[in-house]
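All the letters of the sequence shown, read from the start, carry residue numbers 8 to 372 under the numbering used here. Step one of this worksheet: look at the structure below.
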Amino acid sequence: MIGKDNIYTKKIKVKLISFVFLTALIFVLSSFTGTAAECQKPDSMAQVFNTAEANLGNLRPENTLIITDIGSPAESYVFLDSFYSEFYDKHLKYTKNLLVVQNSRNSPLWFAFFDKCSGKCTYIEVSYENGSKISYKVTENIKFSELSKNQKSITAWNEKVNKTVFDGREFAILTIANGWATGNMDYELMQCLELHNHFCPGVSSGYILAHWMEEHYPLNKGVSYTVFACPTWCKDDVFVKRWDVSPGKGGIWISSLTDNETEALGGAPAGIFVVTDKNTKTMKAVVVGFNFDIVNENCGAKADDPAWVSKYLMDLWLMDKNNWDTKGLVSVISVVDINEATLSKMKSADANPYVVLGLLNKTAA
Ligand SMILES: [Zn+2]
8 MIGKDNIYTK
18 KIKVKLISFV
28 FLTALIFVLS
38 SFTGTAAECQ
48 KPDSMAQVFN
58 TAEANLGNLR
68 PENTLIITDI
78 GSPAESYVFL
88 DSFYSEFYDK
98 HLKYTKNLLV
108 VQNSRNSPLW
118 FAFFDKCSGK
128 CTYIEVSYEN
138 GSKISYKVTE
148 NIKFSELSKN
158 QKSITAWNEK
168 VNKTVFDGRE
178 FAILTIANGW
188 ATGNMDYELM
198 QCLELHNHFC
208 PGVSSGYILA
218 HWMEEHYPLN
228 KGVSYTVFAC
238 PTWCKDDVFV
248 KRWDVSPGKG
258 GIWISSLTDN
268 ETEALGGAPA
278 GIFVVTDKNT
288 KTMKAVVVGF
298 NFDIVNENCG
308 AKADDPAWVS
318 KYLMDLWLMD
328 KNNWDTKGLV
338 SVISVVDINE
348 ATLSKMKSAD
358 ANPYVVLGLL
368 NKTAA
């Protein structure tokens, strides 16, 4: 009986081992097939960084800016962990060496590695529909002082812009990278550029207007702004980012003005900022103008400069805080005490907020 028992025990043991082994095998096999696609992904981020270093040399924290839309293109979030792992392996810093711009879901996944010493920029696109791979790469020198040096260099870069050498992102990458390279770009401005995904005089004007509002109507506890982006331009993304005035939460209302209306408001209206103070139970509509003529006159751009030259020169002038108090740059068109009912009227679809405030006649259009 003892022998028989042993045989039974052995059989059970063999069965148990086979079962455990089989289960383990199934688990391992299924995890291989399940993660086959994911397994390639960390490699592709290593490939992206290697490609950049092959073209630019070592990515040193004091010289490198990476601009990318990682996370925005559909399902590109799967690369985020491996991207940051590579990023921190190079001792790069989140606030110094990176700008993750927002983009639409149907945009390509792209990376621009900029070296501020040489001015060289390696632009890389990664496709990942069937396994991931670098689908496009190019290295160009985008140092603004070199590209804008003379007519020949301007024409040469114009040709590359026309050929969309960075797949249509030439202006965005050139302006952000060069602005960052000056060392004077506020990190809070960079955060606005993440939402706006390029650096332009419009967004710069928004940055100045935001500071102007905060200086004159401080955002103390219990104070909030409601923005009437009328007329709207790139400036308005700054307010969305900085004050959390998203359209979904009723923080920003967008509409346009006719030429006649613009003229009737002094020629350069920028919008209406309604300041609600819960402490004093007051509401003020602050109507402000922004004069781009002053920027054009002072930034050093010439009439025949291409847009990438004149706009970047405007950006440089607008980035310099010493210029923010230039007379007439920001102007007060009117400050009106209002109440909840007036604010509601200003928000309604058939109303012009300037007409509601009594600053325009209905016939001005
Ligand atoms: Zn813009």
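A virtual CB, placed ideally from N, CA and C, is assigned to each residue, including glycine.
Relative to the C-alpha of residue i, which residue among the options is closest?
{"i": "residue 68", "options": "61, 122, 109, 80", "result": "122"}
{"i": "residue 105", "options": "81, 77, 227", "result": "77"}
{"i": "residue 133", "options": "355, 127, 184, 52", "result": "52"}
{"i": "residue 211", "options": "197, 221, 224, 264", "result": "197"}
{"i": "residue 243", "options": "222, 225, 202", "result": "202"}
{"i": "residue 58", "options": "369, 101, 140, 179", "result": "140"}
{"i": "residue 347", "options": "327, 313, 281", "result": "281"}
{"i": "residue 137", "options": "179, 102, 82, 108", "result": "82"}
{"i": "residue 208", "options": "99, 334, 306", "result": "306"}
{"i": "residue 124", "options": "156, 107, 189, 157", "result": "189"}
{"i": "residue 356", "options": "310, 269, 263", "result": "263"}
{"i": "residue 64", "options": "87, 97, 90, 86", "result": "97"}
Using a 10 Å radius around the Cβ and a threshold of 16 neighbouring Cβ atoms, would you call residue i buried or exposed?
{"i": "residue 195", "result": "exposed"}
{"i": "residue 318", "result": "buried"}
{"i": "residue 84", "result": "exposed"}
{"i": "residue 3", "result": "Residue 3 falls outside the range modelled here, since the chain spans only 8 to 372, and no answer is possible."}
{"i": "residue 112", "result": "exposed"}
{"i": "residue 163", "result": "exposed"}
{"i": "residue 79", "result": "buried"}
{"i": "residue 236", "result": "buried"}
Which class does residue i belong to by DSSP, given the choice of helix, strand or coil?
{"i": "residue 135", "result": "coil"}
{"i": "residue 349", "result": "helix"}
{"i": "residue 173", "result": "coil"}
{"i": "residue 199", "result": "helix"}
{"i": "residue 189", "result": "coil"}
{"i": "residue 254", "result": "helix"}
{"i": "residue 55", "result": "helix"}
{"i": "residue 240", "result": "coil"}
{"i": "residue 208", "result": "helix"}
{"i": "residue 213", "result": "helix"}
{"i": "residue 142", "result": "strand"}
{"i": "residue 116", "result": "strand"}
{"i": "residue 108", "result": "coil"}
According to DSSP, residue i sits in a beta bridge with which residue or residues?
{"i": "residue 291", "result": "282, 344"}
{"i": "residue 71", "result": "122"}
{"i": "residue 231", "result": "283"}
{"i": "residue 147", "result": "128"}
{"i": "residue 296", "result": "276, 338"}
{"i": "residue 259", "result": "234"}
Apart from the five residues just before and just after residue i, which ones in its own chain have a Cβ nearer than 8 Å to its Cβ?
{"i": "residue 340", "result": "272, 273, 276, 294, 295, 296, 366"}
{"i": "residue 174", "result": "115, 117, 130, 132, 143"}
{"i": "residue 185", "result": "149, 150, 151, 319"}
Between residue i and the rest of its own chain, which residues show a CB-CB distance below 6 Å, the 5 nearest in sequence each way excluded?
{"i": "residue 119", "result": "74, 128, 130, 180"}
{"i": "residue 214", "result": "196, 245"}
{"i": "residue 238", "result": "263, 264"}
In chain order, what residues of the same chain lie with their CB nearer than 7 Å to the CB of residue i, ignoring the 5 residues before and after it?
{"i": "residue 326", "result": "186, 191, 192, 211"}
{"i": "residue 363", "result": "349, 352, 353"}
Can a CB atom of chain B be found closer than 8 Å to the CB of residue i?
{"i": "residue 200", "result": "Protein chain content of the structure displayed is limited to a single chain, and chain B is not contained in it."}
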